[in-house]
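Asker: My structure is below; once you've seen it, I'll send some questions.
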Amino acid sequence: MSPTNKISIYRPIRRNDRNLVGRMVAKIRREQKLTQEDLAGRLAVVGWDISRDSIKRIESGEREVTDIDLIRLARGLRVPPARLLDGVMDGVEQGKRAGLRQRSE
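So for the sequence shown, our numbering puts the first residue at 141; every next one is plus one.
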């Protein structure tokens, strides 16, 4: 993935973020041309009864994602769990830099 794509997908981490993988879940879901309802159906097949609204909250960063949730999401999206973490450190670094800028102002 090129640095340009990472910038458009990842924003700095904010204090109120509940998860770091939601944006990647949304990106992969869209790449696969799945709706949130489609993903909920796939997740039901792998044993996770989750609503479309909960997927929406995961993708927006409003809902926490546990390590087990991450594995389930990866199975539902049919990708390795590490794929959901692509670029996460970039967002962490951007968040640190933003925090440093705020403190110095």
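For glycine and all other residues, C-beta sits at the position ideal for the given N, C-alpha and C.
Fair warning: this is a prediction, and the values are worked out from it, not measured in the lab.
(1) Would you mind giving the Cβ-Cβ distance between Val219 and Leu160, rounded to the nearest angstrom? I have them listed as a contact below 8 Å.
(2) Considering only C-alpha positions, which residue in the set Ala166, Gln172 and Ser194 is nearest to Leu224?
(3) Around the Cβ of Gln172, are there at least 16 other Cβ atoms within 10 angstroms (buried) or fewer (exposed)?
(4) Take Arg197 and list the residues in its own chain whose beta-carbon comes closer than 6 Å to its own, dropping the five residues that flank it on each side.
(5) Looking at Arg169: is its Cβ nearer than 8 Å to the Cβ of Leu179?
(6) Can you find the residues in the same chain that come closer than 8 Å, C-beta to C-beta, to Ala214, ignoring five residues on each side of it along the sequence?
(7) Indicate the three-state DSSP secondary structure (helix, strand or coil) for Ile198 in the structure shown.
(8) From Asp193 to Gly187, what does the alpha carbon distance come to, in whole angstroms?
(9) Buried or exposed for Arg212, please, with buried defined as at least 16 other CB atoms from any protein chain shown within 10 angstroms of its CB.
(10) Which class does Glu171 belong to by DSSP, given the choice of helix, strand or coil?
Answerer: Let me lay it out:
(1) Stepping through the sequence shown from its first residue, residue 219 is reached at position 79. Stepping through the sequence shown from its first residue, residue 160 is reached at position 20. Going by Cβ atoms, the distance from Val219 to Leu160 rounds to 16 Å, so no, they are not a contact pair.
(2) Taking the sequence shown and counting its residues from 1, one reaches residue 224 at position 84. The shortest C-alpha separation from Leu224 is found at Ala166.
(3) As a working mapping, residue 172 is identified with position 32 in the sequence shown. Classification of Gln172: exposed, given that the 10 Å Cβ count is below 16.
(4) Translated into positions along the sequence shown, residue 197 becomes position 57. Hits under 6 Å: Arg203.
(5) The residue labelled residue 169 in the question sits at position 29 within the sequence shown. The residue labelled residue 179 in the question sits at position 39 within the sequence shown. A contact, by the Cβ cut-off of 8 Å.
(6) Residue 214 sits at position 74 when you count from the first residue of the sequence shown. Excluding sequence neighbours, Ala214 sits near Pro220, Pro221, Arg223 and Leu224.
(7) To locate residue 198, count along the sequence shown from 1; it is residue 58. In the structure shown, Ile198 sits in a helix (DSSP, three-state: H, G or I).
(8) Working through the sequence shown from its first residue, we reach residue 193 at position 53. Working through the sequence shown from its first residue, we reach residue 187 at position 47. Roughly 17 Å between the two C-alpha positions.
(9) Residue 212 sits at position 72 when you count from the first residue of the sequence shown. Label assigned to Arg212: buried.
(10) Residue numbering aside, residue 171 sits at position 31 when the sequence shown is read from its first letter. Helix, per DSSP.
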